[in-house]
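Line by line, the protein sequences give chains U and L. For what it's worth, my numbering labels the leading residue of the first sequence as 15, then goes sequentially. For what it's worth, my numbering labels the leading residue of the second sequence as 15, then goes sequentially. Quick reminder that beta carbons are idealized off the backbone N, C-alpha and C, glycines included. Read through the structure below, which is laid out as structure tokens, and then see the notes.
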Amino acid sequence: MAKDIYTKRILDNGLTVLLQEIHSAPLISHWVWYRVGSRNEVPGRTGASHWVEHMQFKGTERFRGEDLDREISRNGGILNAFTFLDWTAFFETMPADKIDIAIGLEADRMVNTRFDPEEVESERTVIISEREGSENDPTFRLTESIRKTAYPHHPYGREVIGETEDLRTMTRDDLYDHYRTWYAPNNAVLTMAGDFDTSDMLRRIEAAYRDIPAHSVPKVRIPPEEPITDPVNIEEHGPCDITLARIVWHAPSANDPDFFPLILLDSILAGPSSLNMFGKGGISNRTSRLYQKLVRTGMSAAIGGGSTPTIDPYLYSLSAYVNPGVSADEVTDAIHDEIESIAREGILPAEIAKAQKQAKAIFAYSAENITNQAHWLGYSSMFADPSWYFNYLAGLEQVTAEDVSRAAEKILCRNHAVTGVYSSN
Amino acid sequence: MSYDMTRSLPGPDNILRKEFPNGITVLIHENPYSSTAALAGSLRVGSCLETPGKIGLTSFINAALTAGTRSRDFDQINEFLETTGSSISFNTNPHRMKFNGNCLAEDLPDLLRLLREILNEPEFPEQHLEILRQRGLAGYEMHLHDPNDMSDEKFDELLWGADHPYGRPEIESVEAILNISRSDLLDFHSRWFGPRKLILAITGGFRGEEIMDCCGEILGTWNKSQEVYDEQALFPQVTGPEKSIRSHIEIPDKSETALVIGTFGPRREDPNYLSAILGNSILGEFGMMGRIGRIVREEHGLAYSISSSVDSLEAGGCWSVEAGVNPANVEKAADLILRELRRFASEKVTAQELEDVKAYYIGSLPLAFESNAGQASALLSLETHHKKLDHFLRIRERVDTVTAETILEMAQKWLDPEKMVIVTAGTSL
Numbered sequence: 015m016a017k018d019i020y021t022k023r024i025l026d027n028g029l030t031v032l033l034q035e036i037h038s039a040p041l042i043s044h045w046v047w048y049r050v051g052s053r054n055e056v057p058g059r060t061g062a063s064h065w066v067e068h069m070q071f072k073g074t075e076r077f078r079g080e081d082l083d084r085e086i087s088r089n090g091g092i093l094n095a096f097t098f099l100d101w102t103a104f105f106e107t108m109p110a111d112k113i114d115i116a117i118g119l120e121a122d123r124m125v126n127t128r129f130d131p132e133e134v135e136s137e138r139t140v141i142i143s144e145r146e147g148s149e150n151d152p153t154f155r156l157t158e159s160i161r162k163t164a165y166p167h168h169p170y171g172r173e174v175i176g177e178t179e180d181l182r183t184m185t186r187d188d189l190y191d192h193y194r195t196w197y198a199p200n201n202a203v204l205t206m207a208g209d210f211d212t213s214d215m216l217r218r219i220e221a222a223y224r225d226i227p228a229h230s231v232p233k234v235r236i237p238p239e240e241p242i243t244d245p246v247n248i249e250e251h252g253p254c255d256i257t258l259a260r261i262v263w264h265a266p267s268a269n270d271p272d273f274f275p276l277i278l279l280d281s282i283l284a285g286p287s288s289l290n291m292f293g294k295g296g297i298s299n300r301t302s303r304l305y306q307k308l309v310r311t312g313m314s315a316a317i318g319g320g321s322t323p324t325i326d327p328y329l330y331s332l333s334a335y336v337n338p339g340v341s342a343d344e345v346t347d348a349i350h351d352e353i354e355s356i357a358r359e360g361i362l363p364a365e366i367a368k369a370q371k372q373a374k375a376i377f378a379y380s381a382e383n384i385t386n387q388a389h390w391l392g393y394s395s396m397f398a399d400p401s402w403y404f405n406y407l408a409g410l411e412q413v414t415a416e417d418v419s420r421a422a423e424k425i426l427c428r429n430h431a432v433t434g435v436y437s438s439n
Numbered sequence: 015m016s017y018d019m020t021r022s023l024p025g026p027d028n029i030l031r032k033e034f035p036n037g038i039t040v041l042i043h044e045n046p047y048s049s050t051a052a053l054a055g056s057l058r059v060g061s062c063l064e065t066p067g068k069i070g071l072t073s074f075i076n077a078a079l080t081a082g083t084r085s086r087d088f089d090q091i092n093e094f095l096e097t098t099g100s101s102i103s104f105n106t107n108p109h110r111m112k113f114n115g116n117c118l119a120e121d122l123p124d125l126l127r128l129l130r131e132i133l134n135e136p137e138f139p140e141q142h143l144e145i146l147r148q149r150g151l152a153g154y155e156m157h158l159h160d161p162n163d164m165s166d167e168k169f170d171e172l173l174w175g176a177d178h179p180y181g182r183p184e185i186e187s188v189e190a191i192l193n194i195s196r197s198d199l200l201d202f203h204s205r206w207f208g209p210r211k212l213i214l215a216i217t218g219g220f221r222g223e224e225i226m227d228c229c230g231e232i233l234g235t236w237n238k239s240q241e242v243y244d245e246q247a248l249f250p251q252v253t254g255p256e257k258s259i260r261s262h263i264e265i266p267d268k269s270e271t272a273l274v275i276g277t278f279g280p281r282r283e284d285p286n287y288l289s290a291i292l293g294n295s296i297l298g299e300f301g302m303m304g305r306i307g308r309i310v311r312e313e314h315g316l317a318y319s320i321s322s323s324v325d326s327l328e329a330g331g332c333w334s335v336e337a338g339v340n341p342a343n344v345e346k347a348a349d350l351i352l353r354e355l356r357r358f359a360s361e362k363v364t365a366q367e368l369e370d371v372k373a374y375y376i377g378s379l380p381l382a383f384e385s386n387a388g389q390a391s392a393l394l395s396l397e398t399h400h401k402k403l404d405h406f407l408r409i410r411e412r413v414d415t416v417t418a419e420t421i422l423e424m425a426q427k428w429l430d431p432e433k434m435v436i437v438t439a440g441t442s443l
């Protein structure tokens, strides 16, 4: 099925190209994904991937910084970029007849970005400002502590934006070295969805990229994190008078057979989550088990959960705002009790059917948008391949009630959890 | 060869529009590429109708509307929504209560039936109101510690005055959250809700005529009395400050300070509204946040988030620049922003700048119409502002009327850099 929907080519220099024709609007969304994120960073250079992403907007000799944004915008396009654990991605969505500008821009900045020392310094304070903006969230430090505790060795334990100390001390040459190491056609995936002819588009992409040579990219071998074998509790305090309890567990990677059962378990426990970056159509979680158990009974003001598809095992998290007069322990105990009840007594067929229908609806909402379609082609390629995305609903339909109970018992075990609580000073 | 992007936009040939005798207007646009549907609508019921001591009532109603009706209880409503992967949500501005919904196209008639029930016969069950109070208290505490929220709120209060509907906070206080009762909600619903001036826009993968018939059957037959109010009396004219006003809200333990600098802007119906929109794009939006982004972020590295915006409603608007900066850089950032505002209000924008933003404004329109939700929202805006169905198709003509002179005239009318409201929120050094 998937092969009929998109075309895959690998150019001579190793650049993987994935194209999906969609003719619903005269638009094309064009993404370039690099297999580099905070997972590829070492202590002392945390945040380098994200900083390099910022530097990619400072321009090349051909596209000076200011002209780069201007060329895309004045031609009716939008552009942006994201850095995550496993990847860095850049995109432009534009009128179909203007897409050559985006192709030229991305091919150029794959190898020709200027790392002007003055601009590196100017961007240093911008990124520190970005981190300071995140720190304004009263629960930011709790999240940061939980991640570090759950992953003391693996890079997934660090914030993608990096440690403040590293952001203050990293040099221009550190960043340039990071760029030259990881930005290569053989470490990238170009994805495109929209109103084009595949054969013609392949020719245009090849013409733009064929002169960029491949180079050796380091193999990343990160030892798996030691499992959490005893429950860990963390407390954070601040002036905001709320209590937030968050429990995390090591979660299966995107390619693990337990990943799909966990998706349905999350939906049953805390309502559906969207795995894409563009929302879930506003579906609420009022019939979920934990809403019923915690919010309906007055123990919590709100609950939520979620996981993320990643190369290595990452985290599944459940969060609850604890109401006054209730202790965080009571809430976290109730969450564990509910999970153990699923592990022990199983779930109803109707619960699975509802979770599957919700996933189908979210999938359909996301398919309306060509930016999202091109996003999914690349995103799924960062931890699997596009068939992961195209087989997503089929994968969920194969999950049985027993699979979900087993996931609850195996993954969300009380003794394998890191629990963090934020409360007022 | 350049493609005319406006050709792909909805227009009279593919928008169905019908006014029903009960006062409801429905607009429908088919999207044959989609298997889903989106709806966007509004009732003429705004937060301007809130009374002292009950500020925040409409926010409470928004959250409580899906908690139960005379025909269905909380569980039945939410079981339907969540089992079908549908959603419906409500939010209110000073003039209107807006609603948005999403569903698979096959579930659209059922979602419309639920919408009618929710609008006509909400029960606001006490048990669920208490849950919403608890959520409101947690949200309000977070709001008090959010520099962006607090600076925006103070800015509105100083600009419009605390009694003006545009100057009031969304939630007044903890007491207000605790004091709003079920009977307040029922009374408000009884007085103000009804089909008169209700607008509903729907787009998606269905046959438009069938859905229009469905709307007629479900919503066209809704009759309920509702009070009429004099909106002009609720939105008094306000004069701006004689000189710049400055205010700081101290919030402990914040790494970054939120900065807002601004003043009044044009109403949505102002004939030169488009000059303000395009001018603002040059000032703080186009590319990497326009002139202000280039100076404050790119050249001086003072802020990650910075932009300017024109927010225009029916009785007035405001024009503001917002930034998040380190507390040590607040004065420098404010000075740079004011310098750019002075330049913007004293010199014509360049021909190149104007050409760029015009091309962006027209060229990027199809992006706003990519999703059903985007299309429904655009159709709702069309009807709300009494525009003709060819409004989107004729956008180029209107954009062509904007010149460097009309932008300067607009800037000089509204942006006096010596009469700004300047608010900061965060932790002082």
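Note to self: Measuring alpha carbon to alpha carbon, tell me which residue in L/SER385, L/LEU273, L/THR420, L/GLY60 is nearest L/GLY218.
What the structure shows: Of the listed residues, the one whose Cα sits closest to L/GLY218 is L/SER385.
Check: What do you reckon, are the CB atoms on U/SER159 and U/GLU250 nearer than 8 Å?
Finding: Taking 8 Å as the cut-off, the beta carbon of U/SER159 is found closer than this to the beta carbon of U/GLU250.
Notebook entry, point to check: Shorter than 8 Å from the beta carbon of U/PHE71 to some beta carbon of chain L?
Noted result: Interface residue (Cβ-Cβ distance to chain L less than 8 Å): U/PHE71 is classified as such.
Next item on the list: Could you work out which residues of chain L lie near U/ARG23, taking near to mean beta carbons separated by less than 9 Å?
Entry: None at all; the shortest Cβ gap to chain L is about 26 Å.
Check: Where DSSP assigns a beta bridge to U/GLY73, which residues make up the other side?
Finding: U/ARG78.
Check: My guess is that U/PRO286 and U/ILE376 are in contact by the Cβ rule of under 8 Å, so how many angstroms apart are they, rounded?
Finding: The beta-carbon separation of U/PRO286 and U/ILE376, rounded to 6 Å, stays under the 8 Å limit for a contact.
Checklist line | Among L/ALA365, L/THR420, L/LEU355, L/THR415, nearest to L/ASP430 - alpha-carbon criterion | finding: Of the candidates L/ALA365, L/THR420, L/LEU355, L/THR415, the one whose C-alpha sits nearest the C-alpha of L/ASP430 is L/LEU355.
Notebook entry, point to check: Would L/LEU381 pass as a contact of U/ILE92 if the rule is Cβ separation under 8 Å?
Noted result: Going by C-beta atoms, L/LEU381 is nearer than 8 Å to U/ILE92.
Item checked: Proximity to U/THR243 [Cα-Cα], best of U/ALA259, U/TRP263, U/ALA228 -> Nearest C-alpha to U/THR243: U/TRP263.
Check: In chain L, what lies closer than 9 Å to U/ILE297 by C-beta?
Finding: In chain order, LEU95, GLU96, GLY99, SER100, SER101, ASN116 make up the part of chain L whose C-beta sits under 9 Å from the C-beta of U/ILE297.
Notebook entry, point to check: Nearest chain L C-beta to U/LYS233 closer than 8 Å, yes or no?
Noted result: Residue-level contact by beta carbon fails for U/LYS233 and chain L, as no gap is shorter than 8 Å.
Notebook entry, point to check: Using Cβ-Cβ distances below 9 Å, what residues of the region 351–380 of chain U are close to chain L?
Noted result: Of all residues in the region 351–380 of chain U, ALA364, ALA367, LYS368, LYS371, GLN372, ALA373, LYS374, ALA375, ILE376, ALA378, TYR379 have a Cβ within less than 9 Å of some Cβ in chain L.
Check: Nearest CA to the CA of L/THR39: which residue from L/TYR243, L/ASP121, L/LEU394?
Finding: The closest CA to that of L/THR39, considering only L/TYR243, L/ASP121, L/LEU394, is found on L/LEU394.
Check: What are the boundary residues of the beta strand (DSSP E) that includes U/TRP402?
Finding: First-last for U/TRP402: 400–404, but that is the alpha helix (DSSP H), not the beta strand (DSSP E).
Notebook entry, point to check: For the region 330–349 of chain U, which residues have a CB atom closer than 7 Å to at least one CB atom of chain L, in sequence order?
Noted result: Here the close residues are TYR335, ASN337.
Next item on the list: Identify, in the order they occur along the chain, each residue of the same chain with its Cβ nearer than 7 Å to the Cβ of L/ALA77, setting aside the five sequence neighbours on each side.
Entry: Same-chain partners within the cutoff: LEU146.
Checklist line | Where the alpha helix (DSSP H) containing L/ASP325 begins and where it ends | finding: Not the alpha helix (DSSP H): L/ASP325 falls in the beta strand (DSSP E), residues 317–326.
Item checked: Three-way DSSP call (helix, strand, coil) for U/CYS254 in this model -> U/CYS254 falls in the coil class under three-state DSSP.
Item checked: Beta-carbon contacts of U/ARG303 that lie in its chain and below 7 Å, excluding the five residues immediately before and after -> The residues ILE282, LEU283, GLU352, in chain order, have a CB closer than 7 Å to that of U/ARG303 in the same chain once the five nearest residues on each side in sequence are set aside.
Next item on the list: Would you kindly work out how many angstroms separate the C-alpha atoms of L/MET303 and U/ALA39, rounded to a whole number?
Entry: Looking at the two C-alpha atoms, the distance is approximately 27 Å.
Next item on the list: With a cut-off of 8 Å on the beta carbons, I'd call U/ASP272 and U/TYR170 a contact; round off their distance for me.
Entry: Beta-carbon to beta-carbon, U/ASP272 and U/TYR170 are separated by about 18 Å, too far to satisfy the 8 Å threshold.
Margin query: Strictly below 8 Å CB to CB, what residues from chain L border U/ALA9?
Written below: Nothing in the structure corresponds to residue 9 of chain U, since chain U is present only between 15 and 439.
Check: Beta-carbon separation of L/ASN294 and L/VAL324 under 8 Å?
Finding: Yes, these two residues count as a Cβ contact at 8 Å.
Item checked: Inter-residue spacing [alpha-carbon to alpha-carbon] between U/ASP399 and U/ILE366 -> Their Cα atoms are separated by approximately 26 Å.
Item checked: Between the CA atoms of U/GLU85 and L/ALA365 - distance to the nearest angstrom -> Just so you know, the alpha carbons of L/ALA365 and U/GLU85 end up roughly 16 Å apart.
Notebook entry, point to check: Is there at least one Cβ from chain U nearer than 8 Å to L/GLU270's Cβ?
Noted result: Cβ-Cβ to chain U under 8 Å: yes for L/GLU270.
Checklist line | Chain-ordered residues of the region 135–152 of chain U with a beta carbon less than 9 Å from chain L | finding: Taking 9 Å as the Cβ-Cβ cut-off against chain L, the residues of the region 135–152 of chain U that qualify are GLU135, SER136, GLU137, ARG138, THR139, VAL140, ILE141, ILE142, SER143, GLU144, ARG145, GLU146, GLY147, SER148, GLU149, ASN150, ASP151, PRO152.
Next item on the list: Would you tell me roughly how many angstroms separate the C-alpha atoms of L/LEU57 and L/LEU233, rounded to the nearest one?
Entry: Taking the straight line joining both Cα atoms gives about 13 Å.
Next item on the list: Quick one: residues in its chain with C-beta nearer than 6 Å to the C-beta of U/ILE384, no 5 flanking neighbours on either side, listed in chain order?
Entry: Exclusion of the five residues before and after U/ILE384 leaves ILE36, LEU41, SER43, ALA207, GLY208 as the residues of its chain whose Cβ lies within less than 6 Å of its Cβ.
Next item on the list: Check whether the Cβ of L/SER334 lies closer than 8 Å to any Cβ atom in chain U.
Entry: For L/SER334, the answer is no, since every Cβ of chain U falls outside 8 Å of its Cβ.
Margin query: For a quick check, are the C-beta atoms of L/ASN162 and L/GLY67 less than 8 Å apart?
Written below: No Cβ-Cβ contact shorter than 8 Å links L/ASN162 with L/GLY67.
Notebook entry, point to check: If the cut is a Cβ gap below 8 Å, which residues of chain U does L/ASN28 touch?
Noted result: None at all; the shortest Cβ gap to chain U is about 14 Å.
Checklist line | Touch test, the region 110–121 of chain U against the region 219–236 of chain U, Cβ-Cβ under 8 Å, three pairs minimum | finding: Yes: the two stretches touch, three or more of their Cβ pairs being nearer than 8 Å.
Notebook entry, point to check: In chain order, which continuous runs of the alpha helix (DSSP H) of length 4 or greater are located wholly inside the region 95–137 of chain L?
Noted result: Taken in chain order, the unbroken stretches of alpha helix (DSSP H) that lie wholly in the region 95–137 of chain L and span 4 residues or more are 122–134.
Next item on the list: Would you tell me roughly how many angstroms separate the C-alpha atoms of L/PRO26 and L/GLY388, rounded to the nearest one?
Entry: Straight-line Cα distance between these residues: approximately 18 Å.
Notebook entry, point to check: Taking just the CA atoms, how far does L/GLY82 sit from U/ARG53?
Noted result: About 47 Å.
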